[in-house]
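Numbering (this note's numbering), first residue to last: 414 to 467. First the structure, in the form of structure tokens, and then the observations on it.
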């Protein structure tokens, strides 16, 4: 279904640490901020990923 986010891509984003950018490192996150989230969404959008608008 075109409305579903591909599970393989979601899993890969998790492996690369993109799903926990602003969560504290003690909880398995990257310890980032909302700025890191903004940059991530900007880069997704730049590459044509519709996740930037979701």
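C-beta atoms are modelled at their ideal positions from N, C-alpha and C, and glycine is treated no differently.
If you draw a straight line from the Cα of residue 439 to the Cα of residue 459, it comes to about 31 Å.
With respect to residue 432, residue 423 sits close: the two C-beta atoms are nearer than 9 Å. Between residue 445 and the set 428, 452, 435, 421, the nearest pair of CA atoms involves 435. Each residue's CA atom was taken as its position, placing residue 429 and residue 448 some 18 Å apart.
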